[in-house]
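A quick write-up on the structure given underneath.
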Amino acid sequence: MQEPRFSPLQDAEWPESVDHLKDGFATQLNVYRTMAHNPALLKAWAPLRQHVVKDNALGAELSEVAILRTGHRLGSPYEWAQHVHRSRAIGMSDSRINKVRGPLEGMRKDDATIARAVDELFYEKRLSPHTQSALVDLVGKEGMFDVIATVGFYSTLGYILNSCNTPLDDDIATALAETPFDP
Numbered sequence: 256m257q258e259p260r261f262s263p264l265q266d267a268e269w270p271e272s273v274d275h276l277k278d279g280f281a282t283q284l285n286v287y288r289t290m291a292h293n294p295a296l297l298k299a300w301a302p303l304r305q306h307v308v309k310d311n312a313l314g315a316e317l318s319e320v321a322i323l324r325t326g327h328r329l330g331s332p333y334e335w336a337q338h339v340h341r342s343r344a345i346g347m348s349d350s351r352i353n354k355v356r357g358p359l360e361g362m363r364k365d366d367a368t369i370a371r372a373v374d375e376l377f378y379e380k381r382l383s384p385h386t387q388s389a390l391v392d393l394v395g396k397e398g399m400f401d402v403i404a405t406v407g408f409y410s411t412l413g414y415i416l417n418s419c420n421t422p423l424d425d426d427i428a429t430a431l432a433e434t435p436f437d438p
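In C-alpha cells:
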C-alpha cells in the first residue's frame, strides 16, 4: 500500500472548527481523521452519519450486508476489514460475511436481496422495480431509501479511503491479526 497522501490527522493537528466532534465518532476512526482535512465536510457529514450508521431502518445485520457488499464492489480494503470486524461483533459468521462478496445464489435470501440492490446501484445506477418491491417487502419503504443512502454514503467513504490510502485503524488491524478472517 502506498503511503497515505493525506494521513489521518492526529489530535494535535485537529481543526478547531470541528473541535466539538473530537469526543464523538470523528476521532475514533482513521477515515474520519482523514476527512478532517476538510473540516466543513466532516461537520456536514455528522448528521447523515447518525442516520445511516445508527438510525436506519435496516437493522444491524442487513446494514452490514449493504456496507460489506459496497466495500467489496469499491475494492476498499479498509472498508471491508472494518466491517468484517463490525459484522463479527454483531454475531455474523465469517462464512456468512464471505458469502456477501460472492454470487447472489450462495447467500441467505435476505442478504441476496440487499446485495442485489447494491449491485444494481453500482452497475445500473438505479434499483429495478423488482428489487424495489423486494426491498419494500423486506425492510419497508424507509428501508429501501436507507439502502440507497447507505450505498451512497459508504461509496463516498470508500472513494476517500482509496484515494487517500487511509490505513486501517490499529485496533481493527490487531483484532483481525489475532483472529484472521476465515471463511
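Note that the working numbering has the sequence shown beginning at 256, numbered continuously upward.
The beta-carbon is built from N, C-alpha and C at its ideal position, and this holds for glycine as well.
Leaving out five residues before and five after residue i in sequence, what residues of the same chain have Cβ atoms less than 7 Å from its Cβ?
i, result
"C419", "P259, R260, F261, T289"
"S410", "T325, L329"
"L359", "A367, A370, R371"
If residue i and residue j are in contact, beta carbons under 8 Å, what's the gap, nearest whole angstrom?
i, j, result
"D401", "N311", "4 Å"
"Y333", "T429", "With a Cβ gap of about 15 Å, Y333 and T429 do not count as contacting."
"A321", "T405", "5 Å"
Provide the residue span of the alpha helix (DSSP H) that contains residue i, from first to last.
i, result
"T411", "384 to 419"
"W300", "294 to 304"
"M290", "285 to 290"
"I322", "315 to 329"
For residue i, which residues from the same chain have a beta carbon less than 8 Å from its beta carbon, with the 5 sequence-adjacent residues on both sides left out?
i, result
"G279", "A301"
"M347", "E316, E319"
Which residues in the same chain have their Cβ closer than 6 Å to the Cβ of residue i, if we skip the five residues on either side of it in sequence?
i, result
"E379", "none"
"L412", "V286"
"L323", "H338, V355"
Is residue i buried or exposed, if buried means 16 or more other CB atoms sit within 10 Å of its CB?
i, result
"Q337", "buried"
"L296", "exposed"
"I345", "exposed"
"G357", "exposed"
"S272", "exposed"
"A299", "exposed"
"F424", "Here residue 424 turns out to be Asp, not Phe, going by the sequence shown. Flag for D424 reads buried."
"F408", "buried"
Using the C-alpha atoms, what's the distance from residue j back to residue i?
i, j, result
"A389", "E268", "47 Å"
"K354", "Y287", "28 Å"
"G395", "L313", "9 Å"
"R343", "I352", "8 Å"
"N417", "R381", "24 Å"
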